[in-house]
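Read in UniProt numbering, the sequence shown has 41 at position 41, and its numbers run on one by one without any break. I have placed the structure first, in the form of structure tokens, so that the comments after it can refer back to it.
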Amino acid sequence: MARIVGEVMTREVVQAHRETAFKDVVRLLDRHRISGLPVVDEDDKVVGVISGTDLIRHQADRSPDGRAVTARQLMSTPAITVHPEQRIADAARVMERHGVERLPVVDEEDRLIGIATRRDLLRVFLRTDDEIRREVDEDVMTRALGLPARSVTVSVRDGMATLEGAVHRRSDIPLAIRLTYRVDGVVGVVNSLSYRVDDTRPSPARPAPGPRPDRSLSGGTPGPSVPGPISPAKGPTGPAPGPR
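The structure is reproduced here in structure tokens:
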């Protein structure tokens, strides 16, 4: 199964508060040999993040009344955070999209519980090829796609997965590739799959049924009778009888 952020995050988090002074922030980064840290409020909720870039940008700043710069002025907001149950691959996309080096990890109430760095997320690529192959074979081909055993051969070398064999439906191929890419440690997929049935082409249109014959005119069950015009009753000819 795909690994989640909670499995690789660092739980011992170095953090600052809004009123932490500039020099104290620098000391924290230097002492712990880190390049950034989250800023939290009195309830441990993340309100911002400070990086080395933020410090360099503000190192000469001074407030007009001479007060020292604090984390409140240094931090970048809003903080980009993730939750522990998110997939590592999704967290990596968040990092790439926002151009950040670390992600504070928060619980359902947005309280800080850990931090995930690029180094933490890259650990998944240290998996052996055999571990990756077994997961693709068992979780993707057998469980997710329901393919018979040995219908698809999976081989992995340096994180590159190769899929060979035959699937029943053509539409299974892009799904197999997509699910294989999602396995932690896979860096690429080589597709050599064939298919037996092309279910991606639309079925030929059937001709529309013609009009049904009127069974009342063809010897079938008679339809409802419709009364015709009423003819006047024929009486005797001659003049009408007069009064007696």
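The beta carbon of each residue, even a glycine, is placed where N, CA and C say it ideally should be. Because the structure is a prediction, the values reported are computed rather than measured.
Fewer than three pairs of CB atoms, one per stretch, sit closer than 8 angstroms, so the region 85-97 makes no contact with the region 32-47. Phe125 counts as exposed, since fewer than 16 other C-beta atoms from the protein chains shown sit within 10 angstroms of its C-beta. Note that the region 15-23 touches the region 69-85; at least 3 beta-carbon pairs, one per stretch, sit closer than 8 angstroms. Selection Arg143, Asp199, Arg97 and Gly159 evaluated against Arg123 yields Gly159 as nearest (Cα-Cα).
Using a Cβ distance threshold of 9 angstroms, Leu37 and Gln73 do not count as a contacting pair. DSSP, reduced to helix, strand and coil, places His168 within a strand of the structure shown. Excluding five sequence positions before and after Asp110, the CB atoms of its chain that fall closer than 8 angstroms to its own CB belong to Lys45, Val46 and Thr81, given in chain order. Under a 10 Å Cβ-count criterion, Pro148 is classified as exposed, with fewer than 16 other Cβ atoms of the shown protein chains found around its own Cβ. By the Cβ criterion, the region 131-138 is not in contact with the region 96-111, since fewer than three pairs of Cβ atoms, one from each stretch, lie closer than 8 angstroms. Arg18 sits in coil when the DSSP states are folded into three classes, being neither helix nor strand. The C-alpha of Ala79 lies about 28 angstroms from the C-alpha of Val183. Pro104 places its beta carbon 9 angstroms or farther from that of Val26.
Nearest C-alpha to Ser171 among Ser51, Thr200 and Thr180: Thr200. In the DSSP secondary-structure assignment, Thr70 is bridged to Ala21.
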